[in-house]
Every structure is written in C-alpha cells, then in structure tokens.
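The sequence shown runs 14 to 110 under this note's numbering. Virtual Cβ for every residue (Gly too), placed ideally from N, Cα, C. Bear in mind the structure is a predicted one, so any value in this text is a computation, not a measurement.
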Amino acid sequence: YIHGIEEDCSAFIGFGVCSGDPGTPGVTVAGNKLGAVTYHDVQVSYDTGWYDTRITFGINNVFDKNPPVAYSAFANSFLPQYRLPGMFPYLRVQTSF
C-alpha cells in the first residue's frame, strides 16, 4: 500500500494538468493529487528435500495495477515510490551445499 501524495507541478501551470492550479480559490501552490495504490503479490515455495533445495514461484502486482501519472517524473510517467507498471512473474531455485 502506498498512501496518496500531492506532487508539486508548478512548472506546468497553464497547461491544465494540475488538479489544483493557483487560479483556483483556496489553492496557493500548484499540485497534482496522486491517489493511493495497493499492490498484491503472491508467492508459493516448495522444499524438495534434495540438497536443501527450495523452489519458489511468485507474481508481483497480480492485478496489474499501474501507478498514477506524475507530471514531475523524469523520463517516465510515475514517481520512484511506486512500482514499475505491469505484472512480474518469477521463478527462483535456492539450494545449499
């Protein structure tokens, strides 16, 4: 879970991208409200008993939740607090000798 935040988008005043432009009554700083996001991850492991080997399969961001669009982000459309867009499956094999 990542709590909603407000980014400073004063550099974009006049483009109509900020959810709170200073021209709005009661708003003093241009900001963009980014909503809260909840990511769901699952993981299943199996101990084989062979050389202390464990096999793990997992999926990060099961429901493929995209981060909210951030106008102040550099080189992409989301802030680094959020995860990369898209679902991420993985397989891990861990063993001890």
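Where does the unbroken beta strand (DSSP E) through residue i begin, and where does it stop?
i, result
"Leu104", "Phe101 to Gln107"
"Leu47", "Gly44 to Leu47"
"Asp21", "Ile18 to Asp21"
"Gly71", "Arg67 to Asn73"
"Asp54", "Here Asp54 belongs to no beta strand (DSSP E), and DSSP marks it neither H nor E."
Do residue j and residue i come within 8 angstroms of each other at the CB atom, strictly closer than that value?
i, j, result
"Pro80", "Phe91", "yes"
"Ser85", "Thr69", "no"
"Thr51", "Tyr95", "no"
On the criterion of 16 or more Cβ atoms from any shown chain inside 10 Å, does residue i qualify as buried, or is it exposed?
i, result
"Asn45", "buried"
"Leu47", "buried"
Suppose you measure from the CA of residue i to the CA of residue j; what does that come to, to the nearest Å?
i, j, result
"Ala49", "Asp65", "40 angstroms"
"Arg67", "Asp77", "27 angstroms"
"Pro93", "Val75", "19 angstroms"
"Gly62", "Leu104", "18 angstroms"
Since residue i and residue j are thought to touch, with beta carbons under 8 angstroms apart, how far apart are those beta carbons, to the nearest angstrom?
i, j, result
"Val82", "Gly71", "Contact doesn't hold; Cβ gap of about 27 angstroms is too wide."
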